[in-house]
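So the protein sequences, as listed, match chains E and B. Quick note: the first sequence, position 78, residue 78 per UniProt numbering, numbers continuous. Quick note: the second sequence, position 146, residue 146 per UniProt numbering, numbers continuous. First the structure, in the form of structure tokens, and then the observations on it.
There are 2 protein chains.
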Amino acid sequence: MSVRVVVADDQRVVRDGLVTLLKLLPGIDVVAAASDGAEAVQLVAEHRPDVLLVDLRMPNVDGVEATRQVRTEYPQTEVVVLTTYSDDESVLSALRAGARGFLTKDADAEAIGRAIQAAADGQSILDADVQRRLIEGAVAAPKAVDSGLTPREVDVLRLIAEGLSNTEIARRLVVSEATVKTHINHLFAKANLRDRAQAVAYAYRLGLA
Amino acid sequence: MSVRVVVADDQRVVRDGLVTLLKLLPGIDVVAAASDGAEAVQLVAEHRPDVLLVDLRMPNVDGVEATRQVRTEYPQTEVVVLTTYSDDESVLSALRAGARGFLTKDADAEAIGRAIQAAADGQSILDADVQRRLIEGAVAAPKAVDSGLTPREVDVLRLIAEGLSNTEIARRLVVSEATVKTHINHLFAKANLRDRAQAVAYAYRLGLA
DNA sequence: CCTGATCTCAACCCCAGGGTTGAGGCTTGG
DNA sequence: CCAAGCCTCAACCCTGGGGTTGAGATCAGG
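The following block contains the structure:
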């Protein structure tokens, strides 16, 4: 039985190219084509395809949002994302939103067909580059960026990120609370933070917690 | 031109099964079969195949180590890993070592063939489960474990994690500051938090930020 | 040896944030 | 239809957090 596919891309050339290309592949039926994200979701609702092949950058509703909607509302439809640049910011977002596959636009017909078949089967095909970045992200995590903070300020920041109060931090570092406040004021100024909530976020982004 | 494959699995049944199964697939040539990791590496050296299909658990040299050796010494040979359990500890290790694809042993013939073709092509096919875990690891996926927070409370928590003040949150959500404070009090009680600093840490741990 | 950076501390002010109580409107499901 | 949960808002209190100023002690480096 053939895999039923909806294609979504705002560029007519790409869209039509994909449709004709996919029609030549055995085992794949293109049932509809959308020119933006909103239309894509609507066509998925209408046709309930096995796979949605969607571009990341589109007007109205972008690929990430379309993916999220499709995956939550029509979970039997798998999503394969197609993009021009594999280093696009939104690649990870798309994967998190539930995209099954990931292709760059220089993929050939077999590669695209394979990704669609795989997605319909519950497997996941990733562009090599994307996979590499995923693995790096998953394994090699923190690079503890420095930010001109003194060691002591970093200590304090870490404890703030653990949710400790000033008195608790003072006890922990065996200094007075006044000292803690001083350090905090300094690091707030350096890092341009307003309060400890922002400091916690900052610490997490720095990889300190 | 056919993809040349070396198979490696210590269990004779599995190994022979794979070989006969792969021989039935068009576009795939099995050129050799190894019964442990050391032999696998040796056969790769000898035949320089396009793809090595290797089991994770094997005597002498395990799948991870075999992958690493093959990828460093014979980089033109891609590696597809086959394992019984997708939650195996060494899955990530294998991927880090350079494995291109990842299959569980309940994959059917087409799935295996697809993975091999994809690997030979520079793509990467992952078992659905493995992909999910990769993404979670890489981007702290939103694990729907919301600990009983209401949607609105989650909204507020997210904004707290962005470092916004109550008045800013109120503006952003188009409600009064009193409402924001109510939500905050509720979520603090539910999640056992003392102040917004702890809330930020909590949000990050939940993957909301 | 002086300078600058860091760490330490104190006293003060002010207010955003957090706790509490109470209450009205809105869906939803039994 | 009523109960329950959620979202909304108000008024009050009070503490901890954050801003500011100022200052002594130590230490590395020019």
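For each residue, glycine too, the CB sits at the ideal point set by N, CA and C. All of these numbers come straight from a predicted model, not from anything done at the bench.
Reduced DSSP category for residue i - H, G, I as helix; E, B as strand; rest coil
i, result
"V200 of chain E", "helix"
"E39 of chain E", "helix"
"G163 of chain E", "coil"
"R12 of chain E", "helix"
"A144 of chain E", "Residue placement at A144 of chain E is flagged as unreliable, the pLDDT there being 45, under the threshold of 50; the coordinate-derived value follows with that caveat. Of the three classes helix, strand and coil, the one that applies to A144 of chain E here is coil, per DSSP."
"T72 of chain E", "helix"
"V174 of chain B", "coil"
"D108 of chain B", "coil"
"V61 of chain B", "coil"
"D55 of chain B", "strand"
"S124 of chain B", "strand"
"D50 of chain B", "coil"
"G207 of chain B", "coil"
"L82 of chain E", "strand"
"D129 of chain B", "helix"
"R96 of chain B", "helix"
"R4 of chain E", "strand"
"D155 of chain E", "helix"
Where residue i meets chain E, residues with beta-carbon distance less than 8 Å
i, result
"R71 of chain B", "Result: empty, since nearest Cβ-Cβ is about 12 Å, beyond 8 Å."
"residue 236 of chain B", "Residue coverage of chain B in this structure runs from 1 to 209, which leaves residue 236 of chain B outside it and unanswerable."
"residue 274 of chain B", "Because chain B is modelled from 1 through 209, residue 274 of chain B falls outside the range shown and cannot be assessed."
"R15 of chain B", "Those within 8 Å of R15 of chain B in chain E number zero; the least Cβ separation is about 23 Å."
Cα-Cα separation between residue i and residue j, rounded to whole angstroms
i, j, result
"T72 of chain B", "E78 of chain B", "11 Å"
"E177 of chain E", "R152 of chain E", "14 Å"
"A191 of chain E", "L149 of chain B", "31 Å"
"A170 of chain B", "I116 of chain B", "54 Å"
"L22 of chain E", "R96 of chain E", "26 Å"
"V54 of chain E", "Q123 of chain B", "18 Å"
"A111 of chain B", "L43 of chain E", "28 Å"
"D106 of chain B", "T84 of chain B", "8 Å"
"A32 of chain B", "V200 of chain B", "55 Å"
"Y204 of chain E", "L24 of chain E", "49 Å"
"A141 of chain E", "T20 of chain E", "No answer about A141 of chain E holds up, because its pLDDT of 41 lies below 50 and its placement is not dependable."
"L18 of chain B", "V30 of chain B", "9 Å"
"A130 of chain E", "P59 of chain E", "Note that residue 130 of chain E is Val in the sequence shown here, rather than Ala. Those two C-alpha atoms are separated by around 24 Å."
"G27 of chain E", "M1 of chain E", "7 Å"
"residue 235 of chain E", "V91 of chain E", "Since the displayed chain E opens at 1 and closes at 209, residue 235 of chain E lies outside it and no answer follows."
"T104 of chain B", "L126 of chain B", "9 Å"
"L157 of chain E", "A189 of chain B", "25 Å"
"D36 of chain B", "Q76 of chain B", "21 Å"
"S165 of chain E", "H183 of chain B", "22 Å"
"A144 of chain B", "L187 of chain B", "At A144 of chain B the pLDDT is 45, less than 50, meaning the model places this residue with poor confidence; the figure from the coordinates comes in the next sentence. Spanning the two alpha carbons is a distance of roughly 16 Å."
"P49 of chain B", "E39 of chain E", "45 Å"
"A66 of chain B", "F102 of chain B", "15 Å"
"V80 of chain E", "Q198 of chain B", "38 Å"
"D62 of chain E", "L159 of chain B", "23 Å"
"H47 of chain E", "D9 of chain E", "17 Å"
"L56 of chain E", "L82 of chain E", "6 Å"
"V175 of chain B", "E168 of chain B", "10 Å"
"Y202 of chain E", "G113 of chain B", "46 Å"
"residue 210 of chain E", "V51 of chain E", "The requested residue 210 of chain E does not occur in the structure, where chain E is confined to residues 1 to 209."
"D16 of chain B", "L206 of chain B", "45 Å"
"R196 of chain E", "S93 of chain E", "28 Å"
"A128 of chain B", "V64 of chain E", "19 Å"
"L173 of chain B", "G163 of chain B", "15 Å"
Residues that residue i contacts on chain E, provided the C-beta gap is smaller than 9 Å
i, result
"G63 of chain B", "Here the premise fails: no neighbours, minimum Cβ distance about 16 Å."
"Q131 of chain B", "L95, R100, Q123, S124, L126, L134"
"R48 of chain B", "Simply none; closest approach about 20 Å."
Presumed contact (8 Å Cβ cut-off) between residue i and residue j, rounded CB distance
i, j, result
"A45 of chain E", "V6 of chain E", "Rounded, the Cβ-Cβ distance is 10 Å, inconsistent with contact."
"Q69 of chain B", "V41 of chain B", "5 Å"
"L208 of chain E", "A161 of chain E", "6 Å"
"A120 of chain E", "V3 of chain E", "4 Å"
Heavy atom of the ligand HEM within 7 Å of residue i beta-carbon
i, result
"D9 of chain E", "Inclusion of the ligand HEM in the displayed structure is not the case, the ligand content being empty and no account of it being possible."
Contacts that residue i makes with chain B (C-beta to C-beta distance below 9 Å)
i, result
"residue 211 of chain E", "Coverage of chain E is limited to positions 1 through 209, which leaves residue 211 of chain E absent and any answer about it impossible."
"R172 of chain E", "None at all; the shortest Cβ gap to chain B is about 15 Å."
Partners in chain B for residue i, counting only beta-carbon separations shorter than 7 Å
i, result
"V200 of chain E", "A197, V200, A201"
"A111 of chain E", "D121, Q123"
"R68 of chain E", "Near R68 of chain E there are no residues of chain B at all, since even the closest Cβ is about 10 Å away, more than 7 Å."
"R4 of chain E", "Ordered by position in chain B, no residue passes the 7 Å Cβ test against R4 of chain E, which lies about 17 Å from the chain."
Chain B residues whose Cβ lies nearer than 8 Å to that of residue i
i, result
"E162 of chain E", "A201"
"R194 of chain E", "G163, S165"
Contact list for residue i against chain E, beta-carbon separation under 7 Å
i, result
"L56 of chain B", "Under the 7 Å cutoff, chain E gives no residues; its nearest Cβ is about 16 Å from L56 of chain B."
"R158 of chain B", "Those do not exist, as R158 of chain B stays about 11 Å from chain E at its closest Cβ, beyond 7 Å."
Note to self: At a CB distance below 8 Å, what residues from the segment 117-129 of chain B approach chain E? Give them in sequence order.
What the structure shows: Q117, A118, D121, G122, Q123, S124, I125, L126, D127, A128
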